[in-house]
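J.: Below is one structure. I have some questions about it.
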Amino acid sequence: MEELKTQIAKNPVPNHIAVIMDGNGRWAKLKGRPRVFGHKNGVTSVKQVIEGCAEVGVNYLTLYAFSTENWNRPKFEVKTLMALLVSSLKKELKTLQKNNIKLTTIGNIQNLPKKAQIELSDVVKKTENNNTLTLTLALSYGSREEIVNVIKNISKKVVNNQLNVEEINEKIINNHLYTFSLPDVDFMIRTSGEKRISNFLLWQLAYAELYFTDTLWPDFKKKNLFNAILDYQTRERRFGKTSEQIENINE
Ligand code: IPE
Ligand code: IPE
Ligand code: MG
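Counted the way this note's numbering counts, the sequence shown spans residues 4 to 254.
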């Protein structure tokens with residue numbers, strides 16, 4: 004592990020990593036256990052990835068924990084996921100404080116059960132002045148819903164003469180997203196072999212490097228994260244320019 008860290012330290016790490024934590028259900032099924040057993044075991048991976056990001060100096064980590072579409076899952080599974088959220092927040096507050104990690108959320112938080120809302124706002128408040136890693140949980144999050152809200156809110160400002168149509172630009176749209184305080188995503192990891200975005204950060208991923216691994220989420224540990232970061236460090240991010248332009252950037 005130390006060797007991987009030394010290797011990572013040689014190059015810049017992604018400033019903002021986003022993760023689609025997928026494959027809990029299949030992991031449990033392979034073990035002949037109910038789906039929620041997978042969710043419970045996924046919590047260890049969450050902890051490992053947070054810790055790993057903090058150790059190598061990633062500044063922003065955004066985790067897709069529950070999508071707007073996930074409300075359509077069986078009632079028992081949704082209930083268990085919400086209970087798991089509450090118990091993990093309670094348990095992990097101390098660790099967040101100790102490691103100076105700030106918790107924020109994106110998504111339609113009002114749709115969550117009251118208990119989860121109360122626990123979340125408590126942890127968000129208590130960690131708001133922490134300043135190493137910003138950990139963002141996407142909960143009841145859907146990128147299309149987010150964009151619809153942006154359009155509604157900007158339209159209201161136009162109607163109320165607070166904004167001219169001509170003034171609307173990318174920065175204004177950015178400032179109306181749930182993620183207004185976060186930088187663009189540099190690196191997006193999805194576990195479990197699925198190669199899709201599933202309504203996650205459609206705008207914010209515009210120039211992110213994508214990484215797909217067959218590893219199921221409960222098996223994704225610190226070592227897997229470090230290997231993913233090493234893969235990121237081999238990529239050339241051109242942002243539309245040519246390779247030669249990028250190579251000569253410091254000249
Ligand atoms: C990801 O694992 C967790 C959530 C979506 C909450 P899944 O529950 O989607 O696991 P699979 O994809 O069914 O294996
Ligand atoms: C995406 O996983 C949402 C989260 C990881 C929270 P899903 O398992 O819900 O994605 P799809 O529906 O298979 O694309
Ligand atoms: Mg899934």
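The C-beta atom is built at its ideal place from N, Cα and C for all residues, glycine as well.
Residue 237 lies in the beta strand (DSSP E); which residues open and close that run?
T.: Run containing residue 237: none; DSSP gives neither H nor E here.
J.: Could you give the residue range of the alpha helix (DSSP H) that holds residue 106?
T.: No alpha helix (DSSP H) contains residue 106, which is instead part of the beta strand (DSSP E) from 105-109.
J.: Report yes if the C-beta distance between residue 201 and residue 20 is below 8 Å; otherwise report no.
T.: Taking 8 Å as the Cβ cut-off, residue 201 and residue 20 do not qualify as a contacting pair.
J.: Among all the DSSP beta bridges, which residues are the ones paired with residue 212?
T.: Residue 212 pairs with 190.
J.: Keeping to the same chain, check which residues put their C-beta closer than 7 Å to that of residue 110; ignore five residues upstream and five downstream.
T.: Excluding sequence neighbours, residue 110 sits near 141, 142, 143, 144, 181.
J.: Pick from 230, 235, 210: whose alpha carbon is nearest that of residue 243?
T.: Per the Cα distances, 210.
J.: Classify residue 146: buried if its beta carbon has 16 or more other beta carbons within 10 angstroms, exposed otherwise.
T.: Buried, because 16 or more other Cβ atoms sit within 10 Å of the Cβ of residue 146.
J.: Assuming residue 57 and residue 88 form a contact by the criterion Cβ under 8 Å, report the distance between their Cβ atoms to the nearest whole angstrom.
T.: Not a contact, Cβ separation roughly 21 Å.
J.: Relative to the C-alpha of residue 95, which candidate in 49, 59, 131 has its C-alpha closest?
T.: It is 49 whose Cα lies nearest to the Cα of residue 95.
J.: What is the residue span of the beta strand (DSSP E) that residue 68 lies within?
T.: Residues 63-70.
J.: Taking its Cβ as the centre, do 16 or more other Cβ atoms sit within 10 Å of residue 194, making it buried, or is it exposed?
T.: By the 10 Å Cβ count, residue 194 comes out buried.
J.: Going by the C-beta, is residue 28 closer than 7 Å to any heavy atom of ligand 3?
T.: Checking the Cβ of residue 28 against ligand 3 gives yes.
J.: For residue 70, count neighbouring Cβ atoms within 10 angstroms of its own Cβ and tell me buried if that reaches 16, exposed if not.
T.: With 16 or more Cβ atoms within 10 Å of its Cβ, residue 70 is classed as buried.
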